[in-house]
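Have a look at the structure below, then the notes.
Written as structure tokens, this is what we have:
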């Protein structure tokens, strides 16, 4: 067997088709999270992956830089959670691995506290702020996902690296998406033998 | 600006060209780590990214499934650490997001304890074992990289999820690569304001 020399990830067809219709600017944090919650709900219903979405925006203006969803199932790549996808799309569009280069103040908006992988992916991306709908056990309890072990002082660790954290935007709406997902028979793509 | 709908990562030219020359089978853990240390050293010297490499092998036979290196700089994607790259290449080659599907016993071999992102990426990949050259502060001290906050019981958390951990294969050789890198003027791609 020849070894692979590359791989790629793409948005699902429904979202690629909808990109031209997304708002160009999302002025408030609530505007931003409303889009994230909507994409998250549409994503799992379309069978592309988990009920997660993330966007990268200019923190000050709300100009949309990228929109990602969890494409683990459709891409066949376990790393393609919504945050990794949104960050990769933003870096691809801007042609730089450091989203914070040249003083840019970009923000990642996502519908829950990132899993341990995406916690690190956010940390290394160069975004200067993170906005989450919520944190806490609701996600794992409702969806069945294992989020992995994240340090207790996770938000302080972001702040120490110059990444501002806002928790609790459209929280109830985010939980409603997880509940709908958990009530369905969608695939939960945990690692083998997850303890959760 | 049109939003991006996909992105891709590729091995650097020197490694793609060398794939046909890599050993088909790496019987011992030392054989596996020797390849990883060699690729890690060649990678930073070629300017593709950090001094890191990772391979996925069949744990029992040592058959090589994928070989990855850190391609943050050459791909323009901050998530493309060696582990994420090797896992993505293996999943692409095998056409499945769960490397542990159908009872496969695949192993990730990497030249140090993964950073917090790759810790999670390993956890979600479906590999059934992880082999690292070492853990501890030498990597950050010698290379200048921020590895992020990882929980104290990181290895036990893997074991609880059915992922065996082996620490300390070709440790001195791995440290020598980090030392050479740290002594050079190569780019360290930390997030803004990293505390390390």
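Chains as they are written, first to last, in this note's numbering: chain A, 37 to 232; chain B, 37 to 232.
The beta-carbon is built from N, C-alpha and C at its ideal position, and this holds for glycine as well.
Neighbour flag for residue i against chain A, beta carbons, 7 angstroms
i, result
"residue 143/B", "no"
"residue 47/B", "yes"
"residue 75/B", "no"
"residue 140/B", "no"
"residue 53/B", "no"
"residue 115/B", "yes"
"residue 125/B", "yes"
"residue 204/B", "no"
"residue 161/B", "yes"
"residue 133/B", "yes"
"residue 184/B", "yes"
Other residues of its chain near residue i: CB distance less than 8 angstroms, five sequence neighbours each side excluded
i, result
"residue 96/B", "141"
"residue 121/B", "45, 47, 90, 104, 105, 106, 107"
"residue 58/A", "71, 100, 103"
"residue 172/A", "149"
"residue 82/B", "48, 50"
"residue 69/B", "145, 147, 167, 169, 205, 206, 209, 210"
For residue i, three-class secondary structure by DSSP
i, result
"residue 158/A", "helix"
"residue 202/B", "strand"
"residue 132/A", "coil"
"residue 40/A", "coil"
"residue 54/B", "helix"
"residue 102/A", "strand"
"residue 96/B", "coil"
"residue 120/B", "helix"
"residue 45/A", "strand"
"residue 222/A", "coil"
"residue 145/A", "strand"
"residue 163/A", "coil"
"residue 90/A", "strand"
"residue 186/B", "coil"
"residue 61/B", "strand"
"residue 152/B", "helix"
"residue 214/B", "helix"
Chain-order list of residues whose beta-carbon lies under 6 angstroms from that of residue i (same chain, five-residue window excluded)
i, result
"residue 77/B", "213"
"residue 215/B", "178"
"residue 219/B", "none"
"residue 234/B", "Outside the displayed range of chain B (37 to 232) lies residue 234/B, so it cannot be described from this structure."
"residue 52/A", "none"
"residue 184/B", "151, 152"
"residue 232/B", "A caution first: residue 232/B carries a pLDDT of 35, below 50, which makes its placement in the model unreliable, though a value can still be read off. Once the five neighbours on either side are set aside, the close Cβ partners of residue 232/B are 176, 182."
Closer than 7 angstroms to chain B by CB, residue i
i, result
"residue 178/A", "no"
"residue 43/A", "yes"
"residue 187/A", "yes"
"residue 118/A", "no"
"residue 90/A", "no"
"residue 69/A", "no"
"residue 104/A", "no"
"residue 216/A", "no"
"residue 129/A", "yes"
"residue 110/A", "no"
"residue 39/A", "yes"
"residue 157/A", "yes"
"residue 152/A", "yes"
Beta-carbon proximity check, residue i vs residue j, cutoff 7 angstroms
i, j, result
"residue 111/A", "residue 126/A", "no"
"residue 217/B", "residue 80/B", "yes"
"residue 175/A", "residue 158/A", "no"
"residue 156/A", "residue 152/B", "yes"
"residue 39/B", "residue 55/A", "yes"
"residue 195/B", "residue 154/B", "no"
"residue 43/A", "residue 124/B", "yes"
"residue 62/B", "residue 92/B", "no"
"residue 75/A", "residue 205/A", "no"
Cut-off 7 angstroms between Cβ atoms - residues of its own chain near residue i, not counting five sequence neighbours on either side
i, result
"residue 67/B", "98"
"residue 193/A", "187"
"residue 150/B", "119, 158"
"residue 210/A", "73, 147, 148, 169, 170"
Problem - Cβ contact check for the region 199–209 of chain A and the region 165–173 of chain A: 3 or more pairs under 8 angstroms - result: Yes: the two stretches touch, three or more of their Cβ pairs being nearer than 8 angstroms.
Practice task
Decide yes or no for the touch test of the region 147–165 of chain A against the region 121–135 of chain A: beta carbon pairs closer than 8 angstroms, at least 3 of them.
Solution key: With a cut-off of 8 angstroms on Cβ pairs, the region 147–165 of chain A is in contact with the region 121–135 of chain A, counting three or more such pairs.
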